[in-house]
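Quick note on numbering: our numbering labels position 429 of the sequence shown as 1702, and the sequence is numbered without any gaps.
Cβ atoms here follow ideal geometry from the backbone N, Cα and C, with glycine treated the same way.
In this text, all values refer to a predicted model and were calculated from it rather than measured experimentally.
Data first, discussion second: the structure below is written as structure tokens.
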Amino acid sequence: MTTPTTQQIDAQHAAIAERFLADPATPAFLRHLANNPRITLRRPGLPDPKARCIVYWMQRSQRARDNHALDLAIHIANELVLPVLVYFAAISNFPHANLRHYAFLQQGLPDIAADCAARNLTFILRRAPETDSAAWTGDHAAFFAEVHAAMVIADENPMRATEQWRRHLADTLTIPFWTVDNDVIVPSRILEKAQFSAGVARPRLYRALPEFLVPYENPHATHAFKIPRSLHRESPDNDITRNWTDFDRTCKPVEAWHGGHQAALKRLHHFTANMLHTYDRDRNHPECDGTSALSPYLHFGHIGPLTIALAVNAAAEKDPHLKPARDSYFNELIAWRELAVNFVRYQPDYDNPNCADNWARATLAEHDHDQRETLYKLPQLENAQTHDDLWNAAQLQMLHHGWMHNYLRMYWAKKIIEWTPNVRIAQRVAIYLNDRYFLDGRDPNGYAGIAWAMLGKFDRAWFDRPIFGKRRYMSAASTGKKFNSKRYIHQMNQLPKVPADRP
Ligand SMILES: Cc1cc2nc3c(=O)[nH]c(=O)nc-3n(C[C@H](O)[C@H](O)[C@H](O)COP(=O)(O)OP(=O)(O)OC[C@H]3O[C@@H](n4cnc5c(N)ncnc54)[C@H](O)[C@@H]3O)c2cc1C
1274 MTTPTTQQID AQHAAIAERF LADPATPAFL RHLANNPRIT LRRPGLPDPK ARCIVYWMQR
1334 SQRARDNHAL DLAIHIANEL VLPVLVYFAA ISNFPHANLR HYAFLQQGLP DIAADCAARN
1394 LTFILRRAPE TDSAAWTGDH AAFFAEVHAA MVIADENPMR ATEQWRRHLA DTLTIPFWTV
1454 DNDVIVPSRI LEKAQFSAGV ARPRLYRALP EFLVPYENPH ATHAFKIPRS LHRESPDNDI
1514 TRNWTDFDRT CKPVEAWHGG HQAALKRLHH FTANMLHTYD RDRNHPECDG TSALSPYLHF
1574 GHIGPLTIAL AVNAAAEKDP HLKPARDSYF NELIAWRELA VNFVRYQPDY DNPNCADNWA
1634 RATLAEHDHD QRETLYKLPQ LENAQTHDDL WNAAQLQMLH HGWMHNYLRM YWAKKIIEWT
1694 PNVRIAQRVA IYLNDRYFLD GRDPNGYAGI AWAMLGKFDR AWFDRPIFGK RRYMSAASTG
1754 KKFNSKRYIH QMNQLPKVPA DRP
């Protein structure tokens, strides 16, 4: 049996929604809510009137404000005179996750608990495997049954494994299950298929902005949940990773970052108030703190892109001098970021060279096995032990800061092509390092960025040259001249070192 494409799955979901909307048994309020391009009806049906709550299963959007999926759950619950449970389950074997990521994630949990309390919602935090209590096995469906959920609302995550979880749940649940495309401004299925370039996607995305660049409602839940004594829930203050024996603790947290919705808002306000006016000038200067540095928060859903876009837009409306900076910022936050989501959503080969376009395949066929002057092994790359000071500095930023400036990410990935035997290995190395060390790793942006740098994705053919063929080349000399690279190298060598603890 062949795996259906995302477009075929989109068509199946559209057919489910059409039948649901046409069914005279569908209550008007559900019909009204379901008729929204941000929402996917994975499993139709009507909420059981005898059930006890509506569950919002929070996965990617780790925030209890400015969250369309949560707003939807509250609207439905208020109509049905039911409470809302916000359910978040931490698991020890989340793909490529390690202690660095989970420390940041954990810092966001108290904000979720506080915002849930303020909105009359019950936050249920669980962890699996639950080694010090037999309370929970990690089975979501069992949890929904335990709390007698009438319906489950979830956010969406286009990455392969997380999308599979949702599909699996839709097949196993017997109650309605809807998901909400929460972490993009323009619902990603509006683009309908894989987009060829930012130039193609940008006008389509921008045309849709008037409809979607609108503030969240953040309604209040009218009915509180009476928590049974027997219902197990973790305190957000406890270490959610405790006693996990199969969990990767070798990649240590980075002190310079603090996760959570409040920290994200603080950075956003600082950015719009003090940095936006120089964004256009400084964004390609890795030696300056010139960009929003919101990517880790976006990755964990501690803030949504809509909140950021609205704040940036409001600043530009207040001060028209900021409009060029807003446009430049929107190009990254909306055009490039949502192109990356589109890439992962519609391109099943997003993590291997088969996603390359025809011109890039042709040039790879010609040059991928060209002789390399220098080859490095993974530990040499990982430990920043190459002959290239600029590259090593970028790698130190990754190791010890958990983040890297965009300009250096491009250079970093390009050089790996030169220093590994072929592009398949190069891409594997880049994905491994990217996902292991970056707080914003394991994200569509990473897969799209690596495909851009290594496979010419979303780029065009340049002049033919050894090893790179027609893929865009970046040399140390020209890259280092575009900003104060000496200063950057010095800064990165001064970073407080995160202890090395290799797997
Ligand atoms: C090889 C490579 C690997 C990358 N890996 C990741 C990754 O793992 N995770 C990640 O979030 N980004 C990744 N990027 C994209 C980009 O480098 C980061 O999003 C950006 O540097 C984050 O910094 P910022 O928040 O200060 O960006 P800002 O300049 O302030 O931009 C605001 C937001 O726009 C989005 N954005 C900015 N640049 C890009 C871009 N080129 N592509 C897509 N979205 C963009 C991000 O969400 C970012 O937070 C990668 C790029 C390359 C070339």
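Using CA atoms only, rank isn't needed, just tell me which of 1367, 1444, 1276, 1330 is closest to residue 1397. A check of alpha carbon separations from residue 1397 across 1367, 1444, 1276, 1330 identifies 1330 as the nearest.
As an exercise, report each continuous alpha helix (DSSP H) stretch of at least 4 residues that is fully enclosed by the segment 1666-1734, in chain order. Unbroken alpha helix (DSSP H) runs of no fewer than 4 residues, entirely contained in the segment 1666-1734, are found at 1679-1692, 1696-1710, 1717-1728, following chain order.
Run through the DSSP bridge pairs and tell me what residue 1364 is partnered with. As a beta-bridge residue in DSSP terms, residue 1364 pairs with 1401.
Where residue 1384 falls: helix, strand or coil (DSSP): Helix at residue 1384.
Is residue 1566 near ligand 1, in the sense that its beta carbon is under 6 Å from a heavy atom of that ligand? It does: the Cβ of residue 1566 is within 6 Å (strictly closer) of some heavy atom of ligand 1.
Does the beta carbon of residue 1711 fall short of 6 Å from some heavy atom of ligand 1? Result yes, Cβ under 6 Å from ligand 1.
Report buried or exposed for residue 1682, applying the criterion of at least 16 other Cβ atoms within 10 angstroms of its Cβ. So residue 1682 counts as buried.
Tell me which same chain residues have a C-beta within less than 6 Å of the C-beta of residue 1497, skipping the five on either side of it? Taking C-beta separations shorter than 6 Å and ignoring five residues to either side along the sequence, the partners of residue 1497 in its chain run 1356, 1393, following chain order.
Where do the ends of the alpha helix (DSSP H) carrying residue 1432 lie? Looking at the DSSP string, residue 1432 is not in any alpha helix (DSSP H), and its letter there is neither H nor E.
Which word fits residue 1449, buried or exposed, when buried means at least 16 other C-beta atoms lie within 10 angstroms of its C-beta? That one is buried.
State the start and end residues of the unbroken alpha helix (DSSP H) segment that holds residue 1424. Premise fails: residue 1424 lies in the beta strand (DSSP E), 1422-1428, not in any alpha helix (DSSP H).
When you compare the CB positions of residue 1522 and residue 1672, do they come within less than 7 Å of one another, or not? Inclusion of residue 1522 and residue 1672 in the CB contact set at 7 Å is not warranted, their separation being larger than that value.
I'd like the list of long-range same chain contacts for residue 1366, defined as Cβ closer than 7 Å, with 5 residues on each side in sequence excluded. Counting only Cβ-Cβ distances below 7 Å, and skipping sequence neighbours, we find 1519.
Check residue 1479 in the structure and name its three-state DSSP category. Annotated three-state conformation of residue 1479 is helix, per DSSP.
So, for residue 1567: in the same chain, excluding its five sequence neighbours on each side, which residues have a beta-carbon less than 7 Å away from its beta-carbon? So the qualifying residues of the chain are 1537, 1540, 1541, 1576, 1581.
Can you tell me whether DSSP reads residue 1623 as helix, strand or coil? In this structure, residue 1623 counts as coil in the three-state DSSP scheme.
I'd like the span of the alpha helix (DSSP H) that includes residue 1299, first residue to last. Run containing residue 1299: none; DSSP gives neither H nor E here.
So the candidates are 1456, 1359, 1288, 1471; which of them puts its Cα closest to the Cα of residue 1417? From the listed residues 1456, 1359, 1288, 1471, the smallest Cα separation to residue 1417 is found for 1359.
According to the Cβ coordinates, are residue 1589 and residue 1595 closer than 7 Å? The answer is yes: Cβ separation under 7 Å.
Locate the beta strand (DSSP E) running through residue 1331, then write down its first and last residues. Boundaries of the beta strand (DSSP E) around residue 1331: 1326-1331.
Ligand 2 heavy atom lying under 6 Å from the CB of residue 1724: In the structure shown, ligand 2 is absent; the only ligands present are ligand 1.
Report the three-state DSSP secondary structure of residue 1451 (helix, strand or coil). In the structure shown, residue 1451 sits in a strand (DSSP, three-state: E or B).
Best match in 1478, 1346, 1473 for proximity to residue 1423 [C-alpha to C-alpha]: Here the closest residue by C-alpha is 1346.
Starting from the C-beta of residue 1466, find all residues in its chain whose C-beta is less than 7 Å away, skip the five residues before and the five after it, and write them out in chain order. Taken in chain order, the residues that qualify are 1280, 1619.
Environment of residue 1689 [buried if 16+ CB atoms lie within 10 Å]: With at least 16 other beta carbons inside 10 angstroms of its own, residue 1689 counts as buried.
From residue 1750 to residue 1627, what does the alpha carbon distance come to, in whole angstroms? One C-alpha to the other measures close to 31 Å.
Beta-carbon proximity of residue 1614 to residue 1431, cut-off 7 Å: Against a cut-off of 7 Å, the Cβ pair of residue 1431 and residue 1614 comes out as a contact.
Range covered by the beta strand (DSSP E) that runs through residue 1314: Start and end: 1312-1316.
Check whether the segment 1636-1651 and the segment 1735-1742 touch, using three or more Cβ-Cβ pairs below 8 Å as the test. Touching, yes, given that three or more Cβ pairs across the two stretches are closer than 8 Å.
Taking buried to mean at least 16 other C-beta atoms within 10 Å of its own C-beta, is residue 1528 buried or exposed? Under this definition residue 1528 is an exposed residue.
On a CA-only basis, which of 1768, 1301, 1311 is nearest residue 1287? Give me that one, please. For the residues 1768, 1301, 1311, the minimum Cα distance to residue 1287 belongs to 1311.
So if DSSP puts residue 1358 in a beta bridge, which residue, or which two residues, is it bridged to? When beta bridges are read from the DSSP output, residue 1358 appears opposite 1328, 1395.
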